[in-house]
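What follows is a set of notes on a single structure, which appears directly below.
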Amino acid sequence: MKVDNYIIRKADITMKTIMILGGSKGVGKEILSSCLNKGYNVSFCGRSLEEGEKIIKSTKSESQLYFHKLNLESIEGIKDFYKQTIKRFKKIDALVLYAGITPVSSITNTEEDVYDSVFNINLKAPFFLLKHVLKSMIDNKSGSIIFFGSAHMDYGEMNRAPYALTKSSLYTLSNHIAHHYAKYGIRSNYLVMGWTNTEGELELRTKEGISAKKLKEKASTIIPMGRMLNTSDPIPAVMYFISDESAMTTGSLIRITGGEYI
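Anchor point for the sequence shown: position 81 equals 81 in UniProt numbering, and the numbering is continuous, going up by one each time.
As structure tokens, then:
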């Protein structure tokens, strides 16, 4: 097909379905919005049904959106999220693994319940969602998986020990999929997201007595490029990984951190 001197492949104009683990807040919400602008269907999840319905109503995209209320520590809930997405949109072209928690916790002060919660939400939930989504992608002989990583992945700050472990494990999982599932046309890539002014980050710092202004000033002295990321900074990379332009890109790691290494 030729439009305005550009040749467009059939795959590029096919309606894609994007599944987001998360999507109601922060960068996940920005990804949802960008996908809608591309004309994609989006299945997303969160803890608040009211919040999900508010997003659907505000975007006026009822036909393109599906929200699933989900407790990320429920494996049955994860399975149902997948089943309802397939029921609604028939397929999953890309899976964005965004949701996660970042408790302030070092090895010496981590309680078992905190450890279990971090691993259940950050690692177990993505793993068991992948268990189902990969089967669908294998059947379709295509798919893109985007892992959201962190600069903590190598060893992390002292008070982010469980979080750092989950993020390094997700990198291993991304490479595992890239290596073993490329033969099915499935690609897997890992996006390292740096210090970002998400709602969760601002809420955490407020509890620590740090205002948004003070946080911005502090970040400017730590991040080599002089500022925190905003929630739209990672979006171009995510949309590239979703698109057919990344058809031969798998097993990669991209750092969107403003030059920050931990």
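For glycine and all other residues, C-beta sits at the position ideal for the given N, C-alpha and C.
For residue i, the three-state DSSP class (helix, strand or coil)
i: M193; result: strand
i: M117; result: Here the sequence assigns Ser to residue 117, which means Met is not the residue at that position. Note: S117 maps to helix in three-state DSSP.
i: I262; result: coil
i: R227; result: coil
i: I101; result: coil
i: I186; result: strand
Residue i: first and last residue of the uninterrupted alpha helix (DSSP H) it sits in
i: R205; result: E199 to K207
i: L221; result: The amino acid occupying residue 221 in the given sequence is Thr; Leu does not appear at that position. Element bounds for T221: A212 to I222.
i: A178; result: A161 to Y181
i: Y240; result: I235 to I242
i: L130; result: A125 to N140
For residue j and residue i, the rounded distance between their alpha carbons
i: E50; j: S24; result: 11 Å
i: S63; j: G39; result: 11 Å
i: I256; j: V133; result: 26 Å
i: I138; j: F81; result: 19 Å
i: Y222; j: K216; result: It is worth fixing the name first, because residue 222 is Ile in this sequence and not Tyr. If you take the alpha carbons of I222 and K216, they lie about 10 Å apart.
i: F89; j: I56; result: 16 Å
i: D4; j: G200; result: Note on D4: pLDDT 43, under 50, position unreliable in the model; the coordinate value appears next. Whole-angstrom Cα-Cα distance: 44 Å.
i: S48; j: G26; result: 15 Å
i: T110; j: K60; result: 43 Å
i: T249; j: N197; result: 28 Å
i: D12; j: I78; result: With a pLDDT of 43 at D12, under the threshold of 50, the modelled position of that residue is not reliable, and the figure given next carries that caveat. Distance between the alpha carbons of D12 and I78: 29 Å.
i: L253; j: V192; result: 7 Å
i: T85; j: I20; result: 10 Å
i: G28; j: G22; result: 6 Å
Where the beta strand (DSSP E) containing residue i begins and where it ends
i: S106; result: First-last for S106: undefined, no H or E at that position.
i: I20; result: T17 to G23
i: F144; result: The question names Phe, yet the displayed sequence has Ser at residue 144. Run containing S144: G143 to S150, per the beta strand (DSSP E) assignment.
i: L253; result: L253 to I256
Check: In chain order, which continuous runs of the alpha helix (DSSP H) of length 4 or greater are located wholly inside the region 25 to 84?
Finding: 26 to 37 and 49 to 59
Note to self: So, does the region 106 to 122 touch the region 63 to 70, judging by three or more C-beta pairs under 8 Å?
What the structure shows: no
Next item on the list: Decide yes or no for the touch test of the region 169 to 188 against the region 137 to 147: beta carbon pairs closer than 8 Å, at least 3 of them.
Entry: yes
Next item on the list: Examine the Cβ distances between the region 145 to 165 and the region 98 to 108 and report whether three or more of them are shorter than 8 Å.
Entry: yes
Next item on the list: Count the C-beta pairs between the region 156 to 169 and the region 217 to 231 that are closer than 8 Å, then say yes if the count reaches three, no if not.
Entry: no
Checklist line | the region 207 to 220 contacting the region 234 to 242, beta-carbon criterion three pairs below 8 Å | finding: no
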